[in-house]
Each structure stands twice: as C-alpha cells, then as structure tokens.
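Each residue of the sequence shown is one higher than the last, beginning at 770 in the working numbering. For every residue, glycine included, the Cβ atom is placed at its ideal position computed from N, Cα and C. A short worksheet on the structure shown next.
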Amino acid sequence: MRTDDCTWPFVVVGSECYYFSITTPEVRTWDMARQDCQIRGGDLAVMQMDCEQDRHLIDYIIGQGWTTAAMHVGVTDEVNEGMWTWLDGRTSDLWDSLWRYNQPDISTSYNCGLLDYYIYDFPRVHLIDGSCSSSLHYICQKGVHAKM
Ligand SMILES: [Ca+2]
Numbered sequence: 770m771r772t773d774d775c776t777w778p779f780v781v782v783g784s785e786c787y788y789f790s791i792t793t794p795e796v797r798t799w800d801m802a803r804q805d806c807q808i809r810g811g812d813l814a815v816m817q818m819d820c821e822q823d824r825h826l827i828d829y830i831i832g833q834g835w836t837t838a839a840m841h842v843g844v845t846d847e848v849n850e851g852m853w854t855w856l857d858g859r860t861s862d863l864w865d866s867l868w869r870y871n872q873p874d875i876s877t878s879y880n881c882g883l884l885d886y887y888i889y890d891f892p893r894v895h896l897i898d899g900s901c902s903s904s905l906h907y908i909c910q911k912g913v914h915a916k917m
C-alpha cells in the first residue's frame, strides 16, 4: 500500500492506511461493515502484521479518545468455532496479547472480533469476540490481501 494514495476519510497510521467509521460516523453489522470497506477499496482491518503496526493502531485509537467505541475488525471464527482467522488467512493465536484476558469466549453467539477500549490500571485497547450482528463502528484498511 502506497500511503500517498491514502486520502480522507482514510488516514495513514504507522505504515498502513485505515478508515475509522467513527469519524463519519457510521455503524454497521460485521458483514455490512465488511461490504462498506470493500466498496471503499479496502477490507476490514487485519492485525498481527507485526507488533509495531498493531501498537501504532492501538495508540492512535487511544490518542483520539475513542473510549466508548467498540470497533469491528477483520477476524472471525464463524466458519470453525474457536478457530479465529484474519481475513488474509492467518489464524490468531489465542494466547496472543491482543486478546483481552479471558477472551475470546467459547460461544457460537460471538463469532466476530472487535477492538474494545477499557481502563484497567492504564488505558488499553484489546480484541474481544462479539456478536456479528451488533451494529458497531468499524475499521477498514487498504491493501488487505483477503483470502476469505
Ligand atoms: Ca465463536
């Protein structure tokens, strides 16, 4: 992704180009959010590309003060319960520190990943599993090589 092609409402964060639907603002179910991302020339955001980029993304969300918004991102276990897969085909290690403590739940009611903000001893943004049919903000990313 050439970040000089990253134009509003997409913004460059770290070395990637994202659209945060909270900025327009827009809420959708996971499927409809994904469709909107694709119409905008991207896909739901993927993480774990490298720790540094994930950190940039999380710091940006905290820096913007988006403290009440859960945001759909591109990870799901819809196809195979408990097997969390990013849209680019990489599986998510459940021990990855991106997941909040005691998350994900083992539930067929919660098959879509979202980023959620909370303050424990310091502000953090973590991945949790939620309902795909919840209308939430979402994060699109350009240059995702989707395999599903
Ligand atoms: Ca599930």
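| Item | Value |
| --- | --- |
| Isoleucine 908, enclosing alpha helix (DSSP H) - first and last residue | Segment 906-910 is the beta strand (DSSP E) holding isoleucine 908; no alpha helix (DSSP H) there. |
| Cβ neighbour criterion (16 or more within 10 Å) applied to methionine 816 | buried |
| Distance CB(leucine 896)-CB(methionine 840) smaller than 8 Å | no |
| Three-way DSSP call (helix, strand, coil) for threonine 792 in this model | helix |
| Three-state secondary structure (DSSP) of methionine 840 | strand |
| Cβ-Cβ separation, valine 913 to glycine 810 (assumed contact under 8 Å), whole Å | That belief does not hold up - the Cβ atoms of glycine 810 and valine 913 are roughly 10 Å apart, past 8 Å. |
| Nearest-angstrom beta carbon gap, serine 903 and threonine 798 [assumed within contact, 8 Å] | 7 Å |
| Per DSSP, the bridge partner or partners of arginine 797 | Leu905 |
| Reduced DSSP secondary structure (H/G/I, E/B, other) of glutamate 850 | coil |
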